[in-house]
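Its first residue numbered 60, the sequence shown is counted upward by one per residue in the working numbering.
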Amino acid sequence: MAYFQEIGSIKYEGLQSTNPFAFKFYNPEEKIGDKTAEEHLRFAVAYWHTFTGDGSDPFGAGTMERSWNRLKGMDLAKARLEAAFEFFEKLNVPYFCFHDVDIAPEGSNLRETNKNLDTIVGLMKDYMKDSETKLLWNTANNFTHPRFIHGAASSSNADVFAYAAAKIKKGLEIGKELGAENYVFWGGREGYETLLNTDMKLELDNLGRFFHMAVDYAKEIGFDGQFLIEPKPKEPTTHQYDFDVASGYAFLQNYDLQDHFKFNIEANHATLAGHSFEHELHYARIHNMLGSVDANQGHPLLGWDTDEFPTDLYSATLAMYEIIKNGGLGRGGLNFDAKVRRGSFKPEDLFHAHIAGMDSFAIGLKVAQKLIDDNVLKNVLEDRYSSYTEGIGLDIVQGKTDFHKLEEHALGLTEITNKSGRLENIKAILNQYLLKAYAGE
Ligand code: XLS
Ligand code: CA
Ligand code: CA
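Right, dumping it as structure tokens:
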């Protein structure tokens with residue numbers, strides 16, 4: 060059965076195309092720098108938003124027109140799977156991602172849930188044999204079910220800790236079975252509401268123990284996917300332990316886990332933490348911890364996780380700049396952890412949304428590569444920090460100074476001359492590069 064019958068394969072048609080079912084900028088085969096656009100961007104579809112989400116919000120029921128929704132239980136899971144692979148093929152997308160509960164319904168106990176998962180994973184493996192689309196990552200949903208009310212690995216209830224571990228054990232087995240490139244840990248309820256009833260030290264120690272057991276189990280079964288922590292500062296908990304990359308990195312170092320993990324960075328989580336998307340990517344990159352990306356955007360007027368499809372070219376450019384500077388995403392990718400708006404309820408809106416996101420990042424990629432080729436920002440930095448390439452500055456970075464020498468230098472100064480930071484000029488140059496890419500230059 061075809062779920063998206065009227066829609067054919069999405070092709071690159073170029074800037075002049077008015078076909079809403081074509082890419083205007085994303086040409087997977089186009090060589091940009093040393094790789095093709097497809098190799099740079101490594102796009103992925105998020106199963107939960109695209110096939111499981113129904114458009115409901117705290118104020119209203121679901122709105123999405125999805126023909127598979129007339130089914131229930133395992134029949135629904137199987138229909139969704141069929142629809143998903145039709146969608147992947149038509150969009151020509153190299154990867155997808157899922158949570159355990161997205162693909163198969165929970166049973167009345169863990170054993171039954173695992174049985175449901177086994178059935179769907181078996182079918183998924185069959186689809187993957189005939190498909191070009193691979194698994195970027197899978198993860199466990201350890202936040203929706205009421206048992207996770209007080210958290211999962213940071214729960215006050217040891218039975219819940221055990222249950223969470225069992226779900227991740229299964230997730231790692233599935234990751235291995237399907238050849239996942241990564242395994243993601245997003246601590247949806249790993250945080251707290253109030254210190255009045257929270258033993259933070261025990262919860263953090265337990266999280267550390269939990270991650271070590273996950274590392275050990277992956278080793279035991281020979282699962283070699285990259286482990287990724289996905290930071291988010293809040294929502295659903297008030298205070299989430301993996302607040303941002305910096306605090307997540309400190310946590311990993313404290314518990315001696317830094318060699319086993321990298322970060323999956325989501326744009327909307329960065330902005331919720333009061334950072335820019337590029338700040339989080341940059342912080343991870345300079346510590347060699349950039350693993351993968353959840354490509355979406357928040358609404359500037361709303362203070363929660365709106366998970367919109369990314370269409371902000373400025374942000375996509377600065378993100379791609381970090382990714383190219385990182386030497387690419389390695390085993391990671393750009394996962395559209397994004398949902399169509401509640402009003403965009405037609406099945407074809409799923410295509411429009413992904414096309415918009417893919418075209419936006421393709422522009423970002425081209426502009427970022429051009430900025431790098433022309434040394435635009437490199438020149439800015441070299442000029443701005445030139446005082447560290449000679450004299451006392453060189454001594455500082457080479458560790459050849461102490462407070463005595465620095466005082467001697469300062470006492471000898473007659474005047475201190477600073478340079479302009481040129482922010483407005485730099486932004487104007489960025490605009491110029493963006494418009495040049497738009498004009499196809
Ligand atoms: C929720 C998160 C979640 C993770 C995977 O805000 O973005 O979807 O990406 O559990
Ligand atoms: Ca995410
Ligand atoms: Ca999110």
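We put the CB at the ideal spot given by N, CA and C, even for glycine.
query: Would DSSP call Asn197 helix, strand or coil?
result: Locating residue 197 in the sequence shown gives position 138, counting from the first residue. Strand, per DSSP.
message: Spatial neighbours of Phe368 within its chain, please: C-beta separation below 6 Å, excluding the five flanking residues on both sides.
response: Working through the sequence shown from its first residue, we reach residue 368 at position 309. If we look at Phe368 and ignore the five residues flanking it on each side, its Cβ neighbours are Ala397, Ala412, Ala415 and Gly416.
- request: Would you check if the region 76-95 and the region 133-145 touch, i.e. whether three or more CB-CB distances between them fall below 8 Å?
  value: no
message: Helix, strand or coil, according to DSSP, for Ala498 in the structure here?
response: To locate residue 498, count along the sequence shown from 1; it is residue 439. Here Ala498 sits in coil by DSSP.
- request: Following the continuous alpha helix (DSSP H) through Phe220, name the residue where it begins and the one where it ends.
  value: Mapped onto the sequence shown, residue 220 falls at position 161. Phe220 -> alpha helix (DSSP H) spans Ala217 to Leu237.
message: Quick check on DSSP: helix, strand or coil for Gln299?
response: Here residue 299 corresponds to residue number 240 of the sequence shown, with the count starting at 1. Here Gln299 sits in strand by DSSP.
message: Just to confirm the assignment, what range does the alpha helix (DSSP H) spanning Glu141 have?
response: Working through the sequence shown from its first residue, we reach residue 141 at position 82. DSSP places Glu141 inside the alpha helix (DSSP H), whose first and last residues are Gly132 to Leu150.
query: What's the C-alpha gap between Phe207 and Thr198?
result: As a first step, residue 207 is located in the sequence shown; it is residue number 148 there, counting from the start. As a first step, residue 198 is located in the sequence shown; it is residue number 139 there, counting from the start. Whole-angstrom Cα-Cα distance: 15 Å.
query: How far does the beta strand (DSSP E) with Lys83 in it reach, from first residue to last?
result: Taking the first residue of the sequence shown as 1, we reach residue 83 at position 24. Lys83 -> no beta strand (DSSP E), and no H or E assigned at all.
- request: Check whether the region 78-88 touches the region 355-369, taking contact to mean three or more Cβ pairs, one atom from each stretch, closer than 8 Å.
  value: no
query: Does DSSP put Asp283 in a helix, a strand or coil?
result: As a first step, residue 283 is located in the sequence shown; it is residue number 224 there, counting from the start. Note: Asp283 maps to coil in three-state DSSP.
- prompt: What residues match up with Val104 in a beta bridge as DSSP calls it?
  reply: Taking the first residue of the sequence shown as position 1, residue 104 is located at position 45. Paired residue(s): Phe155 and Phe395.
query: For Gln312, does the three-state DSSP call read helix, strand or coil?
result: For the purposes of this step, residue 312 is taken as the residue at position 253 of the sequence shown. Correct three-state label for Gln312: helix.
message: I'd like the list of long-range same chain contacts for Leu388, defined as Cβ closer than 8 Å, with 5 residues on each side in sequence excluded.
response: In the sequence shown, the residue the question calls residue 388 occupies position 329. Here the set comprises Arg101, Leu349, Gly350, Ser351, Val352 and Ile382.
query: Where does the unbroken beta strand (DSSP E) through Leu331 begin, and where does it stop?
result: In the sequence shown, counting from the first residue as 1, residue 331 sits at position 272. It is not in any beta strand (DSSP E) - Leu331 instead sits in the alpha helix (DSSP H) that spans Ala326 to Leu331.
query: Mind listing, in chain order, the residues whose beta carbon lies closer than 6 Å to a non-hydrogen atom of ligand 5?
result: Absent from the structure shown: ligand 5. Ligands present: ligand 1, ligand 2 and ligand 3.
field: Sequence-distant residues of its chain with Cβ nearer than 8 Å to Tyr154 (five each side left out)
entry: Against the sequence shown, residue 154 aligns to sequence position 95. Excluding residues within five positions, the ones whose Cβ falls inside 8 Å are Arg101, Phe102, Ala103, Val104, Thr192, Lys193, Leu194, Leu195, Glu240, Gly392 and Asn394.
task: Using only alpha-carbon positions, find the residue among Ile485, Val426 and Phe220 that is nearest to Tyr497.
output: Position 438 of the sequence shown holds residue 497. With distances taken between Cα atoms, Tyr497 lies closest to Val426.
- request: Grab me the residues of Asn200's own chain with a C-beta within less than 7 Å of its C-beta, minus the 5 sequence neighbours each way, in chain order.
  value: As a working mapping, residue 200 is identified with position 141 in the sequence shown. For Asn200, where only same-chain residues beyond five positions count, the Cβ hits under 7 Å are His158, Asp159 and Val160.
- request: State the start and end residues of the unbroken alpha helix (DSSP H) segment that holds Tyr186.
  value: Working through the sequence shown from its first residue, we reach residue 186 at position 127. Counting along the chain, the alpha helix (DSSP H) containing Tyr186 begins and ends at Leu169 to Lys188.
- request: State the beta-bridge partners of Val352 as determined by DSSP.
  value: Sequence index remark: in the sequence shown, residue 352 carries index 293 (1-based). Val352 pairs with Ile324 and Leu393.
task: Have a look at Tyr373, Phe310, Phe82 and Val435 and flag the residue whose alpha-carbon is nearest the alpha-carbon of Leu150.
output: The residue given as residue 150 occupies position 91 in the sequence shown. Residue Phe82 is the option with its Cα nearest to Leu150.
- request: Might you give, ordered along the chain, the residues of its own chain that have their beta carbon closer than 7 Å to the beta carbon of Gln299, omitting 5 neighbours on each side?
  value: Here residue 299 refers to the residue found at position 240 of the sequence shown. These residues qualify, in order along the chain: Gly246, Glu249, Gly250, Lys291, Pro292 and Lys293.
- prompt: Could you give the distance in angstroms between the alpha-carbon of Thr203 and the alpha-carbon of Gly166?
  reply: Stepping through the sequence shown from its first residue, residue 203 is reached at position 144. Stepping through the sequence shown from its first residue, residue 166 is reached at position 107. Going from the Cα of Thr203 to the Cα of Gly166 covers about 14 Å.
Beta-carbon spacing of Gly284, Gly234 below 7 Å: Counted from its first residue, the sequence shown places residue 284 at position 225. Counted from its first residue, the sequence shown places residue 234 at position 175. Cβ atoms of Gly284 and Gly234: closer than 7 Å.
message: Rounded to whole angstroms, what is the Cα-Cα separation between Gly32 and Gly181?
response: Residue 32 cannot be examined here, being either before or after the span of the chain that is shown, 60 to 500.
query: Roughly how far, in whole angstroms, is the beta-carbon of Glu289 from the beta-carbon of Val243, given that I think they are within contact range, below 8 Å?
result: Within the sequence shown, numbered from 1, the residue matching residue 289 stands at position 230. Within the sequence shown, numbered from 1, the residue matching residue 243 stands at position 184. Contact holds; Cβ gap of about 6 Å.
field: Segment contact flag, the region 488-496 with the region 422-437, C-beta cutoff 8 Å, min 3 pairs
entry: Cβ pair count under 8 Å is three or more, so yes.
- request: Confirm, please, whether the CB-CB distance from Glu124 to Phe404 is below 7 Å.
  value: In the sequence shown, the residue the question calls residue 404 occupies position 345. In the sequence shown, the residue the question calls residue 124 occupies position 65. Yes; because the gap between Cβ atoms is below 7 Å, this pair is in contact.
- prompt: What is the DSSP secondary structure of Trp363, reduced to helix, strand or coil?
  reply: Locating residue 363 in the sequence shown gives position 304, where the first residue counts as 1. Trp363 falls in the coil class under three-state DSSP.
- request: Evaluate the contact criterion for the region 174-189 versus the region 210-227: three or more CB pairs, one atom per stretch, below 8 Å.
  value: no
message: Under DSSP, the beta strand (DSSP E) around Asn241 begins and ends at which residues?
response: Residue 241 sits at position 182 when you count from the first residue of the sequence shown. Segment Asn241 to Trp245, the beta strand (DSSP E) holding Asn241.
message: If you reduce the DSSP assignment to three classes, tell me which class Lys94 lands in.
response: Within the sequence shown, the letter at position 35 stands for residue 94. Here Lys94 sits in strand by DSSP.
message: If distances are taken between C-alpha atoms only, which option among His334, Glu236 and Phe320 comes closest to Ala326?
response: Taking the sequence shown and counting its residues from 1, one reaches residue 326 at position 267. The shortest Cα separation from Ala326 among His334, Glu236 and Phe320 belongs to His334.
field: Cβ-heavy atom distance, Asp366 to ligand 3, below 6 Å
entry: For this step, residue 366 is matched to residue 307 along the sequence shown. Yes; taking the cut-off as 6 Å, the Cβ of Asp366 has a heavy atom of ligand 3 nearer than that.
query: From this set, His463, Tyr447, Lys464 and Ile475, which residue's C-alpha is nearest Val456's C-alpha?
result: For the purposes of this step, residue 456 is taken as residue 397 along the sequence shown, with counting starting at 1. It is Tyr447 whose Cα lies nearest to the Cα of Val456.
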